[in-house]
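Chains as they are written, first to last, in our numbering: chain A, 10 to 384; chain B, -9 to 131. From the three backbone atoms N, C-alpha and C, an ideal C-beta is built for every residue, glycine too.
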């Protein structure tokens, strides 16, 4: 059901904290995973003491890690208790993929998704040190209008081209799009939770309605769709130009940051973190005789292409890899451009539906029947 | 290209079908070009994309994956998964602007020694037409 939490003088953040406290106090959840303010930034933290929620700030526009990984750590195969998790839409999509990869579970998990107007690069955000009540107001007012927020620093590229900013398949959906959050904090809550909290049906009006939410969301998606198309087509043009994808990854130092930050790359022992590609000294000299020269930081393109093969079917375009790259390679845009094609080939949308099988572990006997039969 | 160009092919063959098929080609004394180096796998479904990509990026001119015909997999469904992985891999190579035509997947049963010999002959001819892999001299991949 739709309900509205009134926003009083203390502002929308206080209203949101108040609601989260009720979830803990009224035992809807035993523990809550939520971003807590922490040294000018936020860190996802597990909270059982509701007084700690005075530090909760899910509205600060930064995503230091894709929190789906934290949910994986907290649930594994079975959540130890009733757990609430406050996530952005891309974190929810990543979590859905991790569930399918058997790295997390949604049983006993209350998913709380907040409309995401976008996030900034962590380093730029910390350097600018300019986040205050006014910038929050500007950020929320843009979400209300369904336009890009004019905040400094600019949003991450992944966010500028995010076409799925509203959370899907959640138990509690907190609306920012199309909502006048100076007066109301609207949310769509699953009936059983609403009943326990004695929430009342929202009186829809000027401050928020299902329709205003739909219109603002659609408008923002429209804006971002255009950015996405232009970003991905410029990436594709580069991959098909001289130098190609090898050139785009030429500054890769194989630090594995993209893999470490990627919520989908869950393998405890990645092949690329083993000695598999540490060759005998002779190997390099032989290769050099063949090629004339050998880059002594090898297998960078192999690493990237292999990662594409292993995870692009599940890529949710969160851009954590781009944010983690020390060489400013647009890893996320490259992977998004590839993932779009791979997912289209299997008619699959990553993070959309827990019931949909992962493309590479399922099959149908009567598909691509021409493959392998060529004469 | 120059006349001296001989394509180098790395083949990953499934133990139960294609490898045995290749063996049959040999014991039947069928002629096919000696351009292929065979790696025996227990199943084509065990061929991780990294095994295919490593030789390609190191300068092999072609990679062949050989498996049982769909429905005949010794492990029931391995080759169906191979097929999906192969579709994904070619999609990835295509969308990154790399040549996806150097990777071949062929279903060749244990009794199809003739088909194995023909496949290698055909692949060598096709790779000769394509010319040496640009990765042969790419020093910084």
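Cα-Cα separation, residue i to residue j
i                      : j                      : result
residue 357 of chain A : residue 363 of chain A : 12 Å
residue 370 of chain A : residue 231 of chain A : 33 Å
residue 62 of chain B  : residue 198 of chain A : 50 Å
residue 285 of chain A : residue 257 of chain A : 25 Å
residue 66 of chain A  : residue 30 of chain B  : 56 Å
residue 214 of chain A : residue 122 of chain A : 23 Å
residue 23 of chain B  : residue -1 of chain B  : 11 Å
residue 332 of chain A : residue 131 of chain A : 8 Å
residue -9 of chain B  : residue 85 of chain A  : Low local confidence applies: a pLDDT of 47 at residue -9 of chain B is under 50, so the model's placement there is unreliable, and no value is given.
residue 289 of chain A : residue 295 of chain A : 10 Å
residue 97 of chain B  : residue 49 of chain B  : 25 Å
residue 300 of chain A : residue 292 of chain A : 12 Å
residue 111 of chain B : residue 129 of chain B : 30 Å
residue 212 of chain A : residue 203 of chain A : 15 Å
residue 226 of chain A : residue 140 of chain A : 24 Å
residue 22 of chain A  : residue 154 of chain A : 19 Å
residue 340 of chain A : residue 264 of chain A : 13 Å
residue 68 of chain B  : residue 75 of chain B  : 11 Å
In DSSP terms, what residue i is bridged to
i                      : result
residue 53 of chain A  : A/44
residue 196 of chain A : A/12, A/183
residue 4 of chain B   : B/31
residue 71 of chain A  : A/129
residue 328 of chain A : Answer is none; residue 328 of chain A lacks a bridge partner.
residue 16 of chain B  : BP columns for residue 16 of chain B are empty, so no partner.
residue 52 of chain B  : B/-1
residue 57 of chain B  : B/97
residue 164 of chain A : A/129
residue 351 of chain A : BP columns for residue 351 of chain A are empty, so no partner.
residue 65 of chain A  : A/45
C-beta neighbour in chain B for residue i, strict 8 Å
i                      : result
residue 295 of chain A : no
residue 359 of chain A : no
residue 377 of chain A : yes
residue 322 of chain A : yes
residue 237 of chain A : no
residue 381 of chain A : yes
residue 351 of chain A : yes
residue 299 of chain A : yes
residue 135 of chain A : no
residue 354 of chain A : yes
Cutoff 8 Å: residue i Cβ touching any chain A Cβ
i                      : result
residue 102 of chain B : no
residue 20 of chain B  : no
residue 32 of chain B  : no
residue 26 of chain B  : no
residue 70 of chain B  : yes
residue 92 of chain B  : no
residue 97 of chain B  : yes
residue 79 of chain B  : yes
residue 35 of chain B  : no
residue 52 of chain B  : no
residue 49 of chain B  : yes
residue 67 of chain B  : yes
Proximal chain A residues relative to residue i, where beta-carbon distance stays under 9 Å
i                     : result
residue -4 of chain B : In chain order: nothing, as chain A lies at least about 14 Å away.
residue 61 of chain B : 374
residue 76 of chain B : 377, 380, 381
Interface partners of residue i on chain B, CB under 7 Å
i                      : result
residue 347 of chain A : 82, 85, 86
residue 302 of chain A : 129
residue 280 of chain A : 40
Proximal chain A residues relative to residue i, where beta-carbon distance stays under 7 Å
i                      : result
residue 39 of chain B  : 315, 318
residue 120 of chain B : Under the 7 Å cutoff, chain A gives no residues; its nearest Cβ is about 16 Å from residue 120 of chain B.
Amino acids of chain B, ordered along the chain, whose beta-carbon sits closer than 8 Å to that of residue i
i                      : result
residue 255 of chain A : 128, 130, 131
residue 249 of chain A : 87
residue 368 of chain A : 74, 78
residue 144 of chain A : Neighbours of residue 144 of chain A on chain B: none; closest Cβ ~38 Å, over 8 Å.
Under 9 Å from the C-beta of residue i: neighbouring residues of chain B
i                      : result
residue 60 of chain A  : Within chain B, no residue comes near residue 60 of chain A; the closest Cβ sits about 49 Å away, beyond 9 Å.
residue 344 of chain A : Neighbours of residue 344 of chain A on chain B: none; closest Cβ ~10 Å, over 9 Å.
residue 259 of chain A : 130
Under 8 Å by beta carbon: chain A residues contacting residue i
i                      : result
residue 117 of chain B : Residues of chain A passing the Cβ test: none, with the nearest at roughly 15 Å.
residue 43 of chain B  : 311, 314, 315, 318
Chain D within 8 Å of residue i, Cβ atoms only
i                      : result
residue 261 of chain A : Absent from the structure: chain D. Protein chains present are A and B.
Within the segment 92 to 158 of chain A, note down every full beta strand (DSSP E) run reaching 3 residues or more, in order along the chain.
92 to 96, 118 to 123
Every unbroken beta strand (DSSP E) within the segment 76 to 125 of chain B, with a cutoff of 3 residues, ordered by chain:
93 to 97
Ignoring anything shorter than 4 residues or poking outside the segment 233 to 267 of chain A, list the alpha helix (DSSP H) runs there in chain order.
253 to 257
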